[in-house]
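Going by my numbering, the first residue of the first sequence is number 25, and it counts up by one from there. By construction, the Cβ of each residue, glycine as well, lies at the ideal position given by its N, Cα and C atoms. All values derive from a computational prediction rather than experimental measurement. Presented below is the structure to which this report refers.
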Amino acid sequence: MTTIQRAKGMQDVLPDDRRYWDLIINQATELARLYGFQRIDLPILEYTELYERGVGNASDFFVQKEMYTLEESEDVTLTMRPEFTAGFMRAYIQNGMSSWPQPVKLYTIGPAFRRERQQAGRYRQHSQFNCEILGETDPAADVEVMMLAMNLYRALGYKGLTFQLNSTGCPTCKPAYVEKLTAYLEKHLDKLADIDKERIQRNPLRVLDSKEPGMDALLADAPHIVDHLCDDCETHFADLRGLLDGLDQSYSINFRLVRGIDYYTKTVFEVWAEGIGAQAAVCGGGRYDGLAEDIGGPATPGVGFGSGIERIVLGMQEAGIEPPAPEQPTVLVAHFGGATKEAAVLLTFQLRAAGIGTRLAFARDRRSMKSQMREANKHAIQTVLILGDSELEQQSVVVRPLDGGEQQLIKLNDVVAFLK
RNA sequence: GCGGGUGUAGCGUAGUGGUUAACGCGUCUGGUUGUGGCCCAGAAGACCGUGGGUUCAAAUCCCACCACUCGCCCCA
């Protein structure tokens with residue numbers, strides 16, 4: 025019989041890796057609090073339609089190949105969330121958050137699921153930290169989520185961080201731009217790889233982030249969207265840049281930064297860090313003023329970002345960032361079985377009740393003191409309490425420090441006070 | 001869906017045709033009666049990814065499959 029393996033694309037987060045998660049989540053939670061975001065938890069399963077709508081031309085690919093979908097009944101399917109933004113917007117609309125004080129600033133941390141081939145930092149189940157500001161068009165809102173993201177990576181010790189910034193326009197100006205871009209690319213078909221010729225048909229914007237050689241020169245002369253924005257988008261982008269400049273926060277305008285989905289409008293940004301395989305982006309975000317209507321709600325602006333925890337962990341490990349080990353008990357209770365075991369168990373729980381982290385040595389019948397001392401050493405125990413027959417007779421316990429100090433006999437009744 | 005790399009104990013590796021598959025780390029036990037780290041000794045732990053083929057003989061050569069991994073596609 026073959027032993028059962030972890031399912032493809034899934035990860036075990038072992039205790040030694042978990043310390044990275046704790047650090048990231050604590051830091052993210054603290055920043056969210058500082059910036060005035062409130063925690064929300066959304067269901068992992070949503071009606072498939074939530075994710076089908078709005079993704080436009082990419083819909084077929086996502087729905088058929090990338091989503092985990094379960095049949096709920098004959099004509100209802102549920103999908104494990106492949107992203108968070110749509111769920112945020114659905115919750116905002118459904119819970120009447122438009123009647124809350126505006127805007128509504130929310131964050132969440134949890135798993136998302138995409139059925140794709142594994143790569144470095146890309147798994148079928150991954151966890152995300154997401155921050156969103158709903159109900160606000162002010163570019164200052166864009167700056168808030170951008171800076172929250174940037175400051176998270178700074179606080180975690182990342183080096184070589186950059187903002188990649190672009191605007192993706194809006195329904196007023198984007199279609200005309202896409203036409204101009206397409207026209208330019210079609211003039212240079214002979215210089216394009218097959219894959220990029222296909223992309224012109226499927227999603228012309230995607231040619232901009234093509235990895236084919238020689239594209240730098242060709243795209244440098246292509247029309248750039250920031251030169252073709254409508255007045256509204258142009259003003260928004262200029263104001264955003266002004267605010268970042270005012271904060272002395274540098275950024276690179278990256279005309280090749282695109283979003284393939286129709287509901288994205290105006291601001292698009294990523295934070296890049298060194299390392300992490302083919303993916304430089306440690307987070308991605310932007311504005312999605314078109315999403316609410318796509319899912320059947322009233323027009324509601326939104327801006328936010330999502331960041332994959334696994335990818336952050338990977339980056340920290342590559343950068344040699346070492347989170348502290350989680351706190352473990354510093355006291356171990358050793359004994360010799362029989363009546364001493366009963367007393368040891370009692371003592372252990374008394375210590376714990378007093379708030380002293382305590383590890384109990386297990387010994388089904390007999391176990392050598394050496395073995396128990398070795399156990400203490402392996403778990404970085406500072407004090408071993410030895411409870412044998414002679415100690416029990418005296419209602420006492422030997423307190424043995426492991427840092428080289430002298431051991432002494434202490435009355436059982438006085439142990440808690442002695443250790444504190 | 002396409003392509004590259006890798007599969008030998010829990011982990012990291014050696015072994016590239018010939019007895020019971022080796023080493024390091026880790027785990028467990030012991031080194032007199034009840035005391036850790038260092039050291040020493042011992043033990044457990046591997047159908048050498050799976051299936052087929054070649055051969056007197058396969059971890060080793062050949063084929064297929066699978067898994068893992070990196071990249072492409074895609075990336076909400």
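- Nearest in C-alpha terms to His359, of all of Ala207, Gln352, Ala368, is Ala368.
- In its chain, beyond the 5 residues on either side, Ile380 have a beta carbon closer than 6 Å to the beta carbon of Leu443.
- One Cα belongs to Glu317, the other to Ile48, and the distance between them is close to 34 Å.
- Annotation for Ala387: His359, Phe360, Gly361, Lys365, Gln396 place their beta carbon closer than 8 Å to its own, counting only its chain and skipping 5 residues before and after.
- With fewer than 16 other Cβ atoms inside 10 Å of its own Cβ, Ala144 counts as exposed.
- Burial of Gln51 is indicated by the presence of at least 16 other C-beta atoms within 10 angstroms of its C-beta.
- Exclusion of the five residues before and after Arg77 leaves Asp318, Ile319 as the residues of its chain whose Cβ lies within less than 6 Å of its Cβ.
- The three-state secondary structure of Cys254, taken from DSSP, is coil.
- Taking each of Arg376, Lys394, Leu371 in turn and checking the Cα distance to Ile434, the smallest one comes out for Leu371.
- Note: Cys155 is bridge-paired with Tyr131, Phe329 in the DSSP secondary-structure output.
- Scanning its chain for C-beta atoms nearer than 6 Å, with the 5 sequence neighbours on each side dropped, one finds around Pro425 the residues Thr407, in chain order.
- Ile117 and Asp65 have their alpha carbons spaced roughly 15 Å apart.
- Residue pairing by DSSP puts Leu356 in a beta bridge opposite Arg383, Val408.
- Excluding residues up to 5 positions away in sequence, Trp296 lie with their Cβ nearer than 6 Å to the Cβ of Ala304 in the same chain.
- Within the model, the alpha-carbon separation for Ile224 versus Gly181 is close to 40 Å.
- With the rule of 3 Cβ pairs closer than 8 Å, the stretch 103-123 does not count as touching the stretch 31-45.
- Following the DSSP letters along the chain, one finds Ser395 inside the alpha helix (DSSP H) bounded by residues 393-402.
- Comparing C-alpha distances from Phe137 to each of Ala115, Tyr177, Glu90 shows the shortest one belongs to Glu90.
- For Ser414, the enclosing alpha helix (DSSP H) begins and ends at 413-417.
- Ranked by Cα distance from Val167, the options Leu213, Leu271, Ala200, Ser122 are led by Leu271.
- Nearest to Asn437 by C-alpha distance, out of Val421, Arg146, Phe187, is Val421.
- According to the DSSP secondary-structure assignment, Trp45 is paired through a beta bridge with no residue.
- DSSP lists Leu69 as the bridge partner or partners of Met104.
- Per the Cβ contact rule, the stretch 148-155 is in contact with the stretch 327-340 (3 or more Cβ pairs under 8 Å).
- Around the beta carbon of Thr132, a 10 Å sphere encloses 16 or more other beta carbons of the protein chains shown; the residue is thus reported as buried.
- In the DSSP assignment, Phe293 falls within the beta strand (DSSP E) that extends over 289-296.
- Residue pairing by DSSP places Thr186 opposite Trp296 in a beta bridge.
- Here Leu232 has Arg280, Val282 as same chain residues with Cβ atoms under 6 Å from its own Cβ, once five neighbours each way along the sequence are excluded.
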